[in-house]
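K.L.:
Before I ask anything, here is the structure I am working with.
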Amino acid sequence: MNPYLPVLVVLVFGIVLGAILSALSFFMGPKRWTKEKYDPYECGVPMVTSAAERMSVKFYLTAILFILFDIETVFLYLWAVSFHQLGWFGVVEVSVFMIILVTGYVYVLRRRALDWD
Amino acid sequence: MISYALFYLIAAFILLCSMMVVVSRNPVTSAIFLVTDLFFISALFAKMNAHFLAAIQILLYAGAIVVLFVFVIMLLNLKAEELKGARMTVPEIGVLIVSAIGFVVIAALLGADGATTGGDGRWTDEAITAAGGNTFAVAMRLFVNFVWPFELASVLILLAIVASVVIARKDSLVSSGVGSTAPAQGKGEKGKVAHGTR
Amino acid sequence: MEQLTAQLNEVLGMFGLALWNDAFVQVVATVLKFAVLAVALLQIPPVMVWLERRAPALMQRRRGPNRVGVSLGPIKLRLYGLTQSFADAVKLIFKEEVVPEGAHKAFYHIAPIFGVFPAFLIACAIPYGPPIDVFGYTIPLSIISVDVGFLFIFAISSLAVYGVTLAGYASNNKYSLLGSLRASAQMISYEIPLGLSLIPIVLIYGTLDLNKIVMGQENFWHWGIFTAPVSFVIFFVCMFAETNRAPFDLAEAESELVAGFHTEFNSAKFAAFFLSEYVAMFVLSALCATVFFGGWQNPFISNAALASFVVGILNAPLASFGIALGAASVTNIAALIGIGVLALKAGFFMWMYVWVRWTVPRFRYDQLMDLGWKFMLPLGLANVVGTAFVLAALKF
Amino acid sequence: MVPVEHYMVLATLVFFCGLAGVMFRKNLIMVLMSIELMLNAVNIVFVAASRELADLDGQVMVIFIITVAACEAAVGLAMVIALFRKYGTVNTGFLRMLRG
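Residue numbers (the working numbering), protein chains in the order written: chain A, 1 to 117; chain B, 1001 to 1198; chain C, 2001 to 2396; chain D, 3001 to 3100.
Following this line, the structure appears as structure tokens:
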């Protein structure tokens, strides 16, 4: 059978286990409603503004560079699997690939795009 | 028998999630539906013995690109209710369904019978497993027959790095209105921007 | 009885299965193996909580919990507080669930699920021991044996970011939103060095499949830590960062953001996040043991030799009861030894988590991100290139 | 073995979901997400065809498609952020401002 059959079985069990665990106390726990209990936790200080408040752009830049370097990791995995058959040709080919990407990385460092203020 | 049932089950889930991605109001909801959609598409790839692509689909798409979408949505703190009128109205959904079914029917009528010619026919399942597994076969194919596209892919990634860093930086040239003609206008621009992000 | 099996076969035939044909055995084996693994994984958080209380206490020359025990009728068993954390787990289930008003209901309930199921999926991908043979069927001990091995673990663990992000987004709380963004930014920026650190291992052993890598580490000097030491250093650091632990636990540090992304989650949902964190810790420790310390191989004596030695000893007394342990039991005992060895190694790394937590101060957030982007990533790339050139020089 | 036409029909329907998202949604981020959906539909066609014709080029193409999709999403969202910073909104309603 397809080697991914166990993955399907475990996926279903994992989600069911997560759902049970997540919903357990909703059924088993008591339900006593008091106003203060349901305010989001602000170390006791009553909430001032709503949760929606601007975040710095740094998170966004990290996510972008994460994608672009993740692609590089995927190509390196592909090369790592076929390394022994490709020999020096593969090594040269991938080092050109990496040189181009390292220039991108150096550019990011010099533009200080990833400096957390 | 079971592979038919499995295919139709996965296909139904894929279509359901794709519809929900397009129709749902809150962008984060549609992002999460996109993740489940990608999960089922990677299940489809695994069913077709494209094991490497199934892993890549989850790793790159669901684990990186849609994370970027969720980050941007949280960064611009889009709320569902802010997007009044952003929902798809019922007639639009109707147009979607009619055009989709129509296209399929017309394609069937014109006798489009899917892909039947053109492949080199070497890589049957047995050949792939004999050659050392799907990942190894794809890797050899990529590094031997697609050398130039592989190098150009890295140039494309470099270009994307430079572009996104230039456009998205806080004081980048583009977003601070320097590109516009008169500096005074730039200041006005700044005023408007401040007002804009209330 | 025959009539029952005939009916059963007819029902199963509809699914392309038949009683005891290959696919049916695989499904049954998967379900049983997952049940055993799930029970084992559910025991880890309480034991780890006890260790987190007891070990730092002893390190700081104070007594941690040492009274609570179990009294089985007349016998008073003093377990040094171990059962305390099991009681905590039960308490967490019966506490009231307080959903903060303004919280996004759907994501509030989905976030713990997104946290738990990736942890269990990658826990199944690790080879726990050599294959066992039961009733003549040889069953591999890793529940999911896909030929993309690492990539499967790497892909599913990248889904854990959603559990964190959704938790922050769903609870209508400024601090947990900031905490979840910080935690997810940290997790993704340490995912690249984690991925890069495993590439030299694939280069050396030539395959992504974990079973084959453990086979490749038969000889003690071929263990991952000797062939790719720099990879071990990077992997070891990223292990802590990926699970928001020890020096990298800024996102849920008490002093910074109260409890980070899971501030608003209480009772069972908090237990779900707790469980997923500890299971992820166990999986990364087991992966580190599998890849760098020879998985279920013990250093110098091979498992089979050890098993046959043990069977040799057991046969003498058992002969009196008329039970002779055949070849099948040798492989089964070798498997048991393998599981024990891997558990020992993974336990050592779990101990490292606790040990490092109480010795190394916490990073500031910009130091943490700089370490990830400006030191780990170049080190990972250099390590890949270095290994490649060394291997190329040696082999071609 | 499921005939390849079924995969083609599935891919077409998913493609049309994406196309509708691009045309009818007013939020730029939703437009970009629908484009990702269309690219996934193309991926399904490629893998189905590569399995039907027993030729691996389809799967290699999917890897390049994912690379292009990632770069496109990265730069696209960078522009969306720049536009949000300039016009304060992400709805396509602000395009009317470009009129001379």
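We put the beta carbon where it would ideally sit given N, CA and C, even for glycine.
Per DSSP, what kind of secondary structure is His2190 of chain C in: helix, strand or coil?
P.N.:
It should be pointed out that residue 2190 of chain C corresponds to Tyr in this sequence rather than to His. Tyr2190 of chain C: coil per DSSP, three-state reduction.
K.L.:
Can you find a C-beta in chain B that's less than 8 Å from the C-beta of Ser2171 of chain C?
P.N.:
no
K.L.:
Measure the C-alpha to C-alpha separation of Val1066 of chain B and Lys2091 of chain C and round it to an integer number of angstroms.
P.N.:
If I take the Cα positions, the gap works out to 37 Å.
K.L.:
So, is the C-beta of Glu2398 of chain C closer than 8 Å to a C-beta in chain A?
P.N.:
Because chain C in this structure spans residues 2001 to 2396, residue 2398 of chain C falls outside the shown range and cannot be described.
K.L.:
Which bits of chain C does Ile1058 of chain B rub up against, with CB to CB less than 8 Å?
P.N.:
Ala2155, Ile2156, Ser2158, Leu2159
K.L.:
Does the distance between the C-beta of Ser2197 of chain C and the nearest non-hydrogen atom of the ligand MN fall short of 7 Å?
P.N.:
As far as ligands go, the structure on display features none, and thus does not contain the ligand MN.
K.L.:
How long is the line joining the alpha carbons of Leu2314 of chain C and Asn2332 of chain C, rounded to whole angstroms?
P.N.:
14 Å
K.L.:
Identify whether Ser2158 of chain C lies in helix, strand or coil by the three-state DSSP scheme.
P.N.:
coil
K.L.:
Could you pull the start and end residues of the beta strand (DSSP E) that Tyr107 of chain A belongs to?
P.N.:
Not the beta strand (DSSP E): Tyr107 of chain A falls in the alpha helix (DSSP H), residues 83-110.
K.L.:
Within the same chain, show all residues whose beta-carbon is closer than 8 Å to that of Ile3044 of chain D, passing over the 5 residues directly before and after it, in chain order.
P.N.:
Tyr3007, Leu3010, Ala3011, Val3014
K.L.:
Is it a yes or a no for the region 1018-1025 of chain B touching the region 3021-3033 of chain D, going by three-plus beta-carbon pairs under 8 Å?
P.N.:
yes
K.L.:
Following the continuous alpha helix (DSSP H) through Asp2249 of chain C, name the residue where it begins and the one where it ends.
P.N.:
For Asp2249 of chain C, no alpha helix (DSSP H) run applies, since DSSP gives it neither H nor E.
K.L.:
In whole angstroms, what is the alpha-carbon distance linking Gly1177 of chain B and Cys2238 of chain C?
P.N.:
Annotation note: pLDDT 41 at Gly1177 of chain B (below 50); position unreliable, coordinate value reported separately. Computed Cα separation, rounded: 40 Å.
K.L.:
Extract the residue ranges of the alpha helix (DSSP H) inside the region 1097-1169 of chain B, only unbroken runs of 4 or more that lie entirely within it.
P.N.:
Counting whole runs of 4 or more residues, the region 1097-1169 of chain B contains the alpha helix (DSSP H) stretches 1125-1131, 1134-1145, 1147-1168.
K.L.:
Could you give the DSSP three-state label for Asp115 of chain A: helix, strand or coil?
P.N.:
coil
K.L.:
Quick one: Cα of Asp70 of chain A to Cα of Ser1164 of chain B, how far?
P.N.:
16 Å
K.L.:
What's the C-alpha gap between Thr30 of chain A and Phe2086 of chain C?
P.N.:
Checking the displayed sequence, the identity of residue 30 of chain A turns out to be Pro instead of Thr. Spanning the two alpha carbons is a distance of roughly 21 Å.
K.L.:
Val9 of chain A and Thr2030 of chain C: beta carbons closer than 8 Å?
P.N.:
The answer is yes: Cβ separation under 8 Å.
K.L.:
Could you give the C-beta distance for Ile2143 of chain C and Ile2122 of chain C, rounded to a whole number, given that I count them as a contact under 8 Å?
P.N.:
About 11 Å; that fails the 8 Å criterion.
K.L.:
Bridge partners for Val2134 of chain C per DSSP, in chain order?
P.N.:
C:Tyr2137
K.L.:
DSSP three-state label for Leu2244 of chain C, please.
P.N.:
Contrary to the premise, residue 2244 of chain C reads as Asn rather than Leu in this sequence. Asn2244 of chain C: coil per DSSP, three-state reduction.
K.L.:
Does the beta-carbon distance from Ala1160 of chain B to Ala3074 of chain D come in below 8 Å?
P.N.:
yes
K.L.:
What in chain D is Cβ-close to Val57 of chain A, meaning under 8 Å?
P.N.:
By Cβ distance, chain D contributes Ile3081.
K.L.:
Decide yes or no for the touch test of the region 2112-2130 of chain C against the region 1046-1056 of chain B: beta carbon pairs closer than 8 Å, at least 3 of them.
P.N.:
Taking a cut-off of 8 Å on C-beta distances, the region 2112-2130 of chain C does not touch the region 1046-1056 of chain B, as fewer than three cross pairs fall below it.
K.L.:
From Glu2101 of chain C to Asn2172 of chain C, what does the alpha carbon distance come to, in whole angstroms?
P.N.:
Taking the straight line joining both Cα atoms gives about 8 Å.
K.L.:
Assuming Leu2284 of chain C and Glu2242 of chain C form a contact by the criterion Cβ under 8 Å, report the distance between their Cβ atoms to the nearest whole angstrom.
P.N.:
Sure, about 6 Å apart at Cβ, within 8 Å.
K.L.:
Give every residue of the same chain whose Cβ lies closer than 8 Å to the Cβ of Ala2327 of chain C, excluding the five residues on either side of it in the sequence, and list them in chain order.
P.N.:
none
K.L.:
Spatial neighbours of Thr3092 of chain D within its chain, please: C-beta separation below 7 Å, excluding the five flanking residues on both sides.
P.N.:
Lys3026, Leu3028
K.L.:
Can you round the beta-carbon distance between Ala2271 of chain C and Tyr2353 of chain C to whole angstroms, since I take them to be within the 8 Å contact cut?
P.N.:
Not quite, the Cβ-Cβ distance comes to about 19 Å (not below 8 Å), so this is no contact.
K.L.:
Could you spell out where the alpha helix (DSSP H) holding Ser2071 of chain C opens and where it closes?
P.N.:
It is not in any alpha helix (DSSP H) - Ser2071 of chain C instead sits in the beta strand (DSSP E) that spans 2070-2072.
K.L.:
Using the three-state DSSP reduction, which class does Ile2075 of chain C fall into: helix, strand or coil?
P.N.:
strand
K.L.:
Could you check which residue in C:Glu2010, C:Val2202, C:Phe2293 has the C-alpha nearest to that of Leu2149 of chain C?
P.N.:
Sequence check: residue 2149 of chain C is Gly here, not Leu. The shortest C-alpha separation from Gly2149 of chain C is found at C:Val2202.
K.L.:
Does the count of Cβ pairs from the region 2042-2058 of chain C and the region 2071-2088 of chain C closer than 8 Å reach three?
P.N.:
yes
K.L.:
Would you list the one or two residues that DSSP bridges to Asn3091 of chain D?
P.N.:
D:Asn3027
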